[in-house]
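Residue numbers (my numbering): 51 to 228.
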């Protein structure tokens, strides 16, 4: 997996093939094909590894963070940004590749649904109505993806992205539905 991430970082997602991975890892092609099956399987494995790290980081932070709306928003923003930035510029390429097939897109959607549910559960106690509209959670996810991509590309600092995401989360949760 480290070799696959390095290939994506150095040469881009398009350069990531099972044959190239085997060559770079110094193993035979059958070993790589037996393990991942297809390029799609490899991309899914990369994204799931990233998502598992992100989920573990978020859950740990939520357990120890300040139990207020601002505290939870800051924890979610920090955990999301920190994980994306720790992975580097290669995750946007993997995410883009996930939309290239229904199977890959389904994996991303499932991971996104789990993230939204974790956030809904952590933030709902602070919502005026005791619940958060699904559209708000989608908006939060879109903001998280856009701001983390901007920080990873150097368009924003990590701090700017984190503060903006936390403020966006607070505003989304605080809205009153009429």
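Even for Gly, the Cβ is constructed at its ideal location relative to N, Cα and C.
Bear in mind the structure is a predicted one, so any value in this text is a computation, not a measurement.
Check	Outcome
Within 8 Å, do at least three Cβ pairs link the stretch 97-108 to the stretch 149-161?	yes
Does the separation of the CB atoms of residue 287 and residue 135 fall below 8 Å?	Since the first residue shown for the chain is 51 and the last is 228, residue 287 is missing from the structure and cannot be characterised.
Counting only runs of 3+ residues fully inside the stretch 123-201, write out the beta strand (DSSP E) ranges in chain order.	none
Considering only the alpha carbon of each residue, which of 225, 213 and 226 lies closest to residue 121?	213
Whole angstroms is fine: what's the gap from residue 109's alpha carbon to residue 124's?	13 Å
Assign residue 24 to one of two classes, buried (16 or more other C-beta atoms within 10 Å of its C-beta) or exposed (fewer than that).	What is shown of the chain runs 51 to 228, which leaves residue 24 out entirely.
Put residue 225 into one of helix, strand or coil per three-state DSSP.	coil
Considering only their Cβ atoms, is the gap separating residue 97 from residue 131 smaller than 8 Å?	no
By alpha-carbon positions, which one of 222, 60, 199 and 218 ends up nearest to residue 179?	222
Give me the Cα-Cα distance between residue 107 and residue 57, rounded to the nearest whole angstrom.	25 Å
Measuring straight from C-alpha to C-alpha, what distance separates residue 209 and residue 79?	43 Å
Where does the unbroken alpha helix (DSSP H) through residue 114 begin, and where does it stop?	89-114
So what's residue 69 in DSSP terms, helix, strand or just coil?	helix
Quick one: using the 10 Å Cβ neighbour count with 16 as the cut-off for buried, is residue 77 buried or exposed?	exposed
For residue 211, which of 128, 59 and 71 has the nearest alpha-carbon?	128
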